[in-house]
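Novice: 1 is the number of the first residue of the sequence shown in full-length UniProt numbering; add one for each residue after it.
Please see the structure below; I have some questions.
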Amino acid sequence: MRKLQAQGVHHITLVGADRQTSIDFWEGILGMPFIFEQPNLDRASESHLYFDPGDGRLITVFTDETRKPDPKRTSTDTGCVHHIAFAVSRATFQQAVERLTERSIRHSGVKDRGFMDSIYFEDPLGLLIELASYRFEPPPGHTHADVLMEAHRIRTARGDYNIAEVHLADAIEALIERARPTLSADRAAKNPYPS
């Protein structure tokens with residue numbers, strides 16, 4: 001038996017209402033360029049809209065002009081999507097509460113997740129959307145996942161409840177120590193200031 005090795009999210013497809021609601025939300029609020037449209041090749045009554053979420057991958061939406069937006073929260077039953085999280089820069093994140101509020105969009109306010117900050121709100125069709133901003137940048141040659149895995153190891157070894165900024169800082173230091181050699185015989189922390 002062999003795996004079918006995934007190499008990233010190719011696209012996520014959502015069932016939308018009418019075309020303009022999707023364009024107004026995905027491009028008009030979240031700034032995702034509307035890059036192309038074609039018929040849903042499995043259902044002629046629907047159109048298939050494609051948006052770039054900022055990393056060159058795709059968010060796609062099936063639309064039908066006979067469907068109207070229903071803001072009732074989408075199902076969170078077992079097997080259903082709970083929410084979709086999108087990465088935003090720290091600068092954008094700092095403006096998110098104000099920009100959602102100016103549109104009268106109900107939101108969670110800033111939520112502390114230890115290694116990131118989050119804000120939650122629903123799209124016009126009741127899907128929960130998360131705007132997420134990491135509290136760290138990975139060292140060159142590493143990913144956010146590398147740092148988080150190392151931070152998890154550090155956190156669990158210390159018996160701490162969740163990943164916090166101290167774990168992130170220590171994880172980044174550990175990754176750099178493994179990836180970057182030094183001529184020093186002793187690489188431990190020092191205090192060069194006389195007391």
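Positions of the beta carbon are idealized from the N, C-alpha and C atoms, including for glycine.
Please state if the CB of S118 and the CB of E130 are separated by a distance shorter than 8 Å.
Specialist: Closer than 8 Å, so yes.
Novice: Cα separation between Y120 and T76?
Specialist: Their Cα atoms are separated by approximately 15 Å.
Novice: Could you give the residue range of the alpha helix (DSSP H) that holds S22?
Specialist: Counting along the chain, the alpha helix (DSSP H) containing S22 begins and ends at 19 to 26.
Novice: Judging by CA-CA distance, which residue of H11, K72, G79, I84 is the nearest neighbour of L49?
Specialist: Considering only alpha carbons, the answer is H11.
Novice: For D117, which beta-bridge partners are listed by DSSP?
Specialist: According to DSSP, which records beta bridges pairwise, D117 is partnered with D112, S133.
Novice: Applying the 10 Å Cβ sphere with the 16-neighbour rule, what's the burial state of A17?
Specialist: Buried, since its Cβ has 16 or more Cβ neighbours within 10 Å.
Novice: Where does S184 land, buried or exposed, given buried means 16+ other C-beta within 10 angstroms?
Specialist: By the 10 Å Cβ count, S184 comes out exposed.
Novice: Taking DSSP's pairing of strands, which residues face A85 in a bridge?
Specialist: DSSP lists E130 as partners of A85.
Novice: Determine the closest residue to residue 226 out of D170, E122, T78, V9, with distance taken between C-alpha atoms.
Specialist: There is simply no residue 226 to check, as the chain begins at 1 and stops at 195 in what is shown.
Novice: Report back the beta-carbon spacing between I84 and L127 to the nearest angstrom; my notes put them in contact at under 8 Å.
Specialist: About 7 Å; that satisfies the 8 Å criterion.
Novice: Which whole-angstrom value is the C-beta distance of I163 and L148, which I expect to be below 8 Å?
Specialist: About 7 Å; that satisfies the 8 Å criterion.
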